[in-house]
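Working notes for the structure below.
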Amino acid sequence: MTALNQNSPYPPASGPPFRHIILLLCLFFFLCLGTDLFNIVLWQNKLANKLQILLLLPVMALTVLYYRHLVRGTFAAPEIAILVILALISTTQSAMPMYTLERCIPFVVTTTFALVLGSMMSLRGLLLFMATFYAAVMALTVVAIATLPQARGIPPWGDTWNGIFLHKNGLGAACVMTMLTAFYAIGQTRGKLKLVFQVTLAIGFLLLIASESRTSQVVGLVSMSALVASLLFPRFEVTWTICFILLSVLLIGVIAFLLSSPLADPLFALIGRKPTLSERIPIWAHTWPYVMDRFWLGWGYNTFWYPESSHVVQMSNKGNLGFTPHYSHNGLIETWLNTGFIGVVLLSVAILRFFFSSFFNMRFLGSRDGIVCAVALMITFMFANTTESSMLSRMEANWMFFVAYITKMHLVARAVRDNLKSRPAANDAGGDQSGSLAPLDRPANS
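Right under this line is the structure:
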């Protein structure tokens, strides 16, 4: 694993051993806060939530320790920082301000921590950190499934495996991210470490099948096929990215068409599912009017789905869902409910800027493997959020990594621009006149 970026303008005071300790702490925090590990191990014990809340204190301390990286990350991804502020402000229009504030604090702590992580690591180091995290998730999942009954199925989902997550879709999403990051790590490592990531990829594939998460299986198939295609057509990363985006949009469009056609029932019957996408479509239909009721600023962070709210009970009865929904199963709707149209715009701008920075970096950098992997992670994350929601999550590894690689991609682009600006001065001083971009292959903040 790559240590903290040694070329950073804000290097830590201590040497490599201290940096390694910090990385291990970050990994530990991500495992405890980004998964449901405590809730699975301490099954139906209120101590699990208390431990997660207590862990926010050392995370805050680490963020303060690297406050310069927080400032740097904030300026690199200002949309994310404004989203955090907007979530805090949302307590003022919430019907339950204290309830909103209690849920907003973990969101603020974990998101700012992700900004720090995106600033303090290189792109390669961040992706290898992610690969290591998901390898640990797979290992812990295997142990949990072997030893804990609640890891092998939680009612009402029968005996579908969920591992160290509270839902099979959580395990499915983690398996997809495992396969993507392990695929990248295999190309970046050698020897025994490479073998570890090869085994991790195989375990991720097997657990993805065992989770029976159809959404994750479709997303995983598309994403892994795209990564394999990127190897078959080297030096065409820009074309690959455009095709991947168009393919994802086309696939979503085809699925939407099938859901509205007479073919929906027989096709979904083949995979043992209903064309309602496990009641997601009725939930979307019943939730959308409430989105329009508070169009601009939303209902307050994580307030709308309070279990005893009259509109939630009414939605459950009116829709004949057979259960009380606790979230919308859609990233766009969830963002709208939490922070309103303003939050949706900020998030959209953050994603568009990520793609702009990615295309810019592909144009000038010779080594593009990390950029390709980050783009695949972004598109996969967006694809998955059509039927699930990790957007603006309080304690969700996928959201924290989303913030981290957005921040890192902008910092890489800034380093490339600074390098380009310094070239004319170097050439005027009698420097290299060849115009080679080789020095840009590894910019200081890449």
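Take 64 as the starting number for the sequence shown in the numbering used here and just add one per residue. Even glycine gets a Cβ: it sits at the ideal position worked out from N, Cα and C. Nothing here was measured: the structure is a model prediction, and the numbers come from that model.
Cut-off 6 Å between Cβ atoms - residues of its own chain near residue i, not counting five sequence neighbours on either side
i           : result
residue 105 : 111
residue 278 : 450
residue 401 : 361, 364, 455
residue 123 : 172
residue 190 : 247, 433, 436
residue 234 : 225, 226, 228, 274
residue 379 : 387
Reduced DSSP secondary structure (H/G/I, E/B, other) of residue i
i           : result
residue 461 : helix
residue 299 : coil
residue 328 : helix
residue 399 : helix
residue 156 : coil
residue 353 : helix
residue 142 : helix
residue 283 : helix
residue 449 : coil
residue 404 : helix
residue 107 : coil
residue 126 : helix
residue 454 : coil
residue 337 : coil
residue 420 : helix
residue 361 : coil
residue 217 : coil
residue 225 : coil
residue 374 : helix
residue 384 : coil
residue 392 : coil
residue 288 : helix
Spatial neighbours of residue i in its chain, beta-carbon cut-off 7 Å, leaving aside the 5 residues before and after
i           : result
residue 443 : 239, 243, 282, 286
residue 465 : 444
residue 98  : 200, 227, 228, 460
residue 339 : 345
residue 262 : none
residue 162 : 366, 369
residue 212 : none
residue 404 : 358, 359
residue 306 : none
residue 121 : none
residue 470 : 136, 139, 140, 178, 181, 182
Range of the contiguous alpha helix (DSSP H) that encloses residue i
i           : result
residue 182 : 160-183
residue 82  : 79-96
residue 430 : Element bounds for residue 430: n/a, residue is neither H nor E.
residue 187 : 186-210
residue 274 : 254-274
residue 240 : 231-251
Supposed contact pair residue j and residue i - C-beta distance, whole angstroms, cut 8 Å
i           : j           : result
residue 186 : residue 433 : 4 Å
residue 273 : residue 197 : Incorrect: roughly 16 Å between the Cβ atoms, too far for contact.
residue 300 : residue 435 : 6 Å
residue 125 : residue 88  : 7 Å
residue 160 : residue 457 : That belief does not hold up - the Cβ atoms of residue 160 and residue 457 are roughly 17 Å apart, past 8 Å.
residue 427 : residue 479 : 5 Å
residue 167 : residue 151 : 6 Å
Reference residue i, options the options, closest by Cα
i           : options            : result
residue 102 : 214, 484, 349      : 214
residue 387 : 394, 374, 399, 428 : 374
residue 531 : 260, 254, 270, 474 : Nothing in the structure corresponds to residue 531, since the chain is present only between 64 and 509.
residue 418 : 367, 438, 195      : 438
residue 208 : 143, 192, 219, 231 : 231
residue 376 : 398, 399, 346, 143 : 346
residue 304 : 462, 211, 424      : 424
residue 146 : 441, 413, 452      : 413
residue 137 : 480, 301, 467, 484 : 467
residue 323 : 333, 176, 337, 80  : 337
residue 182 : 174, 135, 292      : 135
residue 291 : 250, 448, 260      : 250
Residues of its chain near residue i, where Cβ-Cβ distance is below 8 Å and the 5 sequence neighbours each way are ignored
i           : result
residue 118 : 92, 95, 96
residue 217 : 225, 229, 230
residue 343 : 392, 393, 450
residue 397 : 390, 391, 452, 454, 455
residue 296 : 302, 303
Proximity test, Cβ basis, 8 Å: residue i and chain C
i           : result
residue 251 : Going by chain labels, chain C is absent from the structure shown, which holds only one protein chain.
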